[in-house]
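Notes follow the structure.
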Amino acid sequence: MSKTACVCIAVASIALNAAASSAQTAAIPRHLDTARAAEGVGDYAGAAREYFAALELSASASPEQRAQISLNLAHLLATLETVPATVQPDGSQVDAWKTIAPAGVSGLSRPDMMRRLYQAAIEAGTPTQQDLARNDLGTLLLKEQRYAEALDVLRRLDQSRDPARRFVYSYNVGRAYEANRQSTAALTAYLRAVAGRPAFTPAVDSSLALLEGAERLDADAAVALVTTLLSNGEIRSAGRVTSRLLTRWAADNAAPRLLALWLRRFVAASIDLPTCQKSEVPFLDSLRGSNDLRAFIQDVKRACLDDKLPERLQFGDRSGFSSRWMAGWRPVRDILDNPRTSFAAFLTAIGRQFEERQDYRQALVRHLAAWALDKSNAESAVNAAMVLQAHPDTDRTGGVLDALIEDIFAAKGDFIAERDWPNSQRLHIVLARIFEKLDRWGPVTNPHSALFQWTAAIADDAEIRKTTPSLAPSPGLYERLGDCYRRAKQPNLPAAAEQYRVAAREFAVIGRQEDADRLRRLSEELGRPR
Amino acid sequence: MRWSNRKRRLLTAVLIAIAGCASATRAEAAVSLVFQVADPEIGGYFRGRSADAERRLAQTIAALLNNDQELRFWSFADGSVFPQLQIRLTKRTQRWHYEVAVRGDGSGPPLKAWMIPWQTEADVERTGGFPPVAQLTKQIVDGFQDQFLTQRRVDLLEVLRLIPLGAAVRLNNVQAQPLAILSLDWSRYQDLATSDFRILYKTQSGALLVLATGLGHRLAYPNPPPAEGLVVRLVECILTGGRREPIGRHLQDIRTGQPVAIYLARFDSLGAAFSAAGGGLPPPAIAPRD
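Protein chains in written order, with the working numbering: chain A, 456 to 985; chain B, 23 to 312.
Below, the structure is given as structure tokens:
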């Protein structure tokens, strides 16, 4: 045969092989689809046939496709663990793997076959496929109680790469650490899993088991766990965790921090007074804790149950709440394990419950107590002011209102430090309305005047817009300030006109043209020379 | 006899199912939605057309719920039949609230209720009073979404598990494993494909609750529609008193009994999340606890 002919035959042969290889590769997706469909209806034999067929054809497939086939087949084999063995006519049992394994691999055990497949995926796969293969291999090793090997495999996972699966990876890493008696590392991994998916109960339960079973309470980890759960709306889980940890660690020095978390969970769950009295209080009563904890629990109970709390309740008084809430705890916002701020939030929630019962005097006591505890949180002051405004009979002499205002100004630094501008603004608005009703319009320098309070509300508005520029315009503030300038003992009509002009502009921005026109006309009228 | 909360909830679910059975011919919606503006101050803004406004609010919120990734599995529509999601806009001590309740039936206490603060009089003062009606309606809906749906959705989902998603189930006797096809249309419910379900059967020996787990696939559902339903494996049975027994002991009861209701027992959003992650990869293995 001539050289040319040989070359032609060789080229043709290569082309034919390439065509055949291409046809084989093209058949792989069909086998995979058929396999998945069979798997879905429990036809594991049929699914296995298809996966093995795809595997056989995969020599010419891309590494990624080979890895995918390996992973899917390994997953099928893992499922076989739950399939009961087949009973033979002679009474012997044949496990599911043996009934479906092709001749070439029937000598291997199911786990060995799985290991082979995972290794193939680790060698050929994309980073995502490699991680999945390591995860599943590590899990298999854990089931076989080969803990050190499992940890070695799972530690090589990149736990941050795959957003959809990383919480499972973190959890399995945690399981491997725990099996190797490295509890601290295990807990860190579990908490990472919870942070990745707070609804993932296995990670929550595993974290809780470690926290309960430790020799010493890891309070920071407990706080991190409950904070994650509460922040993500997993209130029931948060309740379960805090209750169990409080039961276990009531005598620990850090138990007050756990109680603080419990109080936060109470607030988040919107538990009503009857439920509080029926189940929450008995739980607290069952705890055997330090003197501090017992004092705190006593106060929590009184806040829920006592409808005769004194009006001007003081912390540290015999008839008041314990001074321990204040000692050693600075009010810091958004920290859930601070007993002081948590009790304040709790008192606010209970105060609202008393409002619903229409026991406004007792509601006011709790709001004022919350305010006394935590002056960085203006919500309690707003609530107190709203009760005073709606129910003036709760403060016949006006002494409570005056004391509240003095307190607010004494605490102004805390407001600014903690940036609760929205509640600060609400507070100024409520106070302004109170003073309007009392006919105290000005002067602007007097904190006990509507002019002062509306001006302060506008100042707060500017602060709010620094961090929330999308806040809707506030024409009401300028209109009401304009009203104050008109109605003060010494009216300031040009100032009123200016405020109405601004209010008109703000109303126009939000499409309330009638209001805008009304105030523009008023502004023009007031601005005319007299 | 003291019942645990779990048993009480199970009984409640059974009663809802029986009620649903009795009115099986009603419209598609699994949950009716009622909105009531109970505060006369806001009601006054609608100038005698509160009923129209309330209906629009109910329809808008129903649409929101039907678009929610997890809540959409129950059909919400404005209406007055039970089970019902009730929302009342009320006012107490200078603050408006959404009083929200899920009711299984018209008598007895709600399955769950919430009092959700919306805004205060101070907030309304700031903006110069309530806006025109069209804007006010939007504000009410936005407030509900921010204060309730965003913050309480886990709670709401917990309660909705007591409300059936469907009723009809077809056993698949061909395979070695006890499989069934749920009359939950794949096109709508595929994200539940790997979730767990409870199927309530009425059998000759009484009510039987069957636990089933989704296999992640679909099969044709012959008659009546849907065209393709979710495939589940029947796992075990729960009898009265909470006793659990293997499925094999009750297959005959199940074959001769009547499926009454399908409940979502555990939403496995993992399945949806993993399949959404793409790549045709199987879900990752999860190490069991000892």
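By construction, the Cβ of each residue, glycine as well, lies at the ideal position given by its N, Cα and C atoms.
Under 9 Å by beta carbon: chain B residues contacting residue i
i	result
Tyr626 (chain A)	Ile308, Ala309
Ser661 (chain A)	Arg311
Pro449 (chain A)	As shown, chain A starts at 456 and ends at 985. That puts residue 449 (chain A) outside it, with no answer to give.
Residue i, enclosing alpha helix (DSSP H) - first and last residue
i	result
Lys598 (chain A)	582-598
Gln81 (chain B)	72-89
Tyr815 (chain A)	815-828
Asp970 (chain A)	968-982
Met841 (chain A)	833-845
Ser879 (chain A)	876-892
Tyr573 (chain A)	565-579
Ser662 (chain A)	656-668
Thr172 (chain B)	172-182
Trp704 (chain A)	690-704
The beta strand (DSSP E) enclosing residue i, as first and last residue numbers
i	result
Pro930 (chain A)	No beta strand (DSSP E) holds Pro930 (chain A); the alpha helix (DSSP H) holding it covers 930-942.
Tyr624 (chain A)	It is not in any beta strand (DSSP E) - Tyr624 (chain A) instead sits in the alpha helix (DSSP H) that spans 621-634.
Gln108 (chain B)	106-114
Asn194 (chain B)	191-194
Lys134 (chain B)	134-142
Ile284 (chain B)	280-288
Ser205 (chain B)	201-207
Glu121 (chain B)	117-125
Arg266 (chain B)	266-268
Ala99 (chain B)	98-100
Identity of the residues DSSP links to residue i by a beta bridge
i	result
Gly228 (chain B)	B:Thr225
Gly236 (chain B)	B:Val254
Phe219 (chain B)	B:Ala234, B:Leu286
Ser129 (chain B)	Beta-bridge pairing links Ser129 (chain B) to no other residue.
Thr541 (chain A)	A:Val549
Val56 (chain B)	B:Gln108
Leu241 (chain B)	B:Gly251
Gly188 (chain B)	B:Ile284
Cys259 (chain B)	B:Val232, B:Glu267
8 Å Cβ shell around residue i - same chain, five flanking residues per side excluded
i	result
Glu505 (chain A)	His486, Leu487, Thr489, Ala490, Ala493
Val196 (chain B)	Residue placement at Val196 (chain B) is flagged as unreliable, the pLDDT there being 49, under the threshold of 50; a coordinate-derived value is accordingly withheld.
Gln548 (chain A)	Ala540, Thr541, Val542
Beta-carbon contacts of residue i that lie in its chain and below 7 Å, excluding the five residues immediately before and after
i	result
Asn947 (chain A)	Tyr940
Val722 (chain A)	Ala800, Phe801, Ala804
Arg77 (chain B)	Asp100
Burial state of residue i (16 or more Cβ within 10 Å)
i	result
Ala46 (chain B)	With a pLDDT of only 40 at Ala46 (chain B), under the threshold of 50, the placement of this residue in the model should not be trusted; the figure read from the coordinates follows. Exposed, because fewer than 16 other Cβ atoms sit within 10 Å of the Cβ of Ala46 (chain B).
Ala49 (chain B)	Note that Ala49 (chain B) scores 37 on pLDDT, short of 50, meaning its location in the model is unreliable; the coordinates nonetheless yield the value given after this. Its Cβ having fewer than 16 others within 10 Å, Ala49 (chain B) is exposed.
Ser662 (chain A)	buried
Pro105 (chain B)	buried
Pro62 (chain B)	exposed
Lys830 (chain A)	buried
Ala514 (chain A)	exposed
Thr149 (chain B)	buried
Arg589 (chain A)	buried
Asn89 (chain B)	exposed
Asp789 (chain A)	exposed
Thr697 (chain A)	buried
Val191 (chain B)	buried
Phe170 (chain B)	buried
Arg636 (chain A)	exposed
Residue i: contacting residues in chain B (beta-carbon distance under 7 Å)
i	result
Leu526 (chain A)	Leu303, Pro304
Val885 (chain A)	Ala144
Val623 (chain A)	Pro306, Ile308
Asn590 (chain A)	Pro306, Ala307
Ser929 (chain A)	Arg148, Thr149
His530 (chain A)	Pro304
Leu932 (chain A)	Arg148
Cβ neighbours of residue i in the same chain (closer than 6 Å, five flanking residues each side left out)
i	result
Phe622 (chain A)	Ala648, Gly651, Arg652, Phe655
Leu222 (chain B)	Ala39, Leu231, Val282, Ala283
Lys756 (chain A)	Val736
Asp290 (chain B)	Thr216, Ser217
Ser797 (chain A)	Ala715, Leu718, Arg719
Closer than 7 Å at the beta carbon, the chain A residues around residue i
i	result
Val253 (chain B)	Gly495, Val496
Trp136 (chain B)	Ser725
Within chain B, partners of residue i - CB distance below 8 Å
i	result
Val957 (chain A)	Within 8 Å Cβ-Cβ: nothing; Val957 (chain A) doesn't reach chain B, min ~12 Å.
beta-carbon residue i near the ligand COA non-hydrogen atom, thresh 8 Å
i	result
Glu267 (chain B)	Of ligands this structure carries none, so the ligand COA is not represented either.
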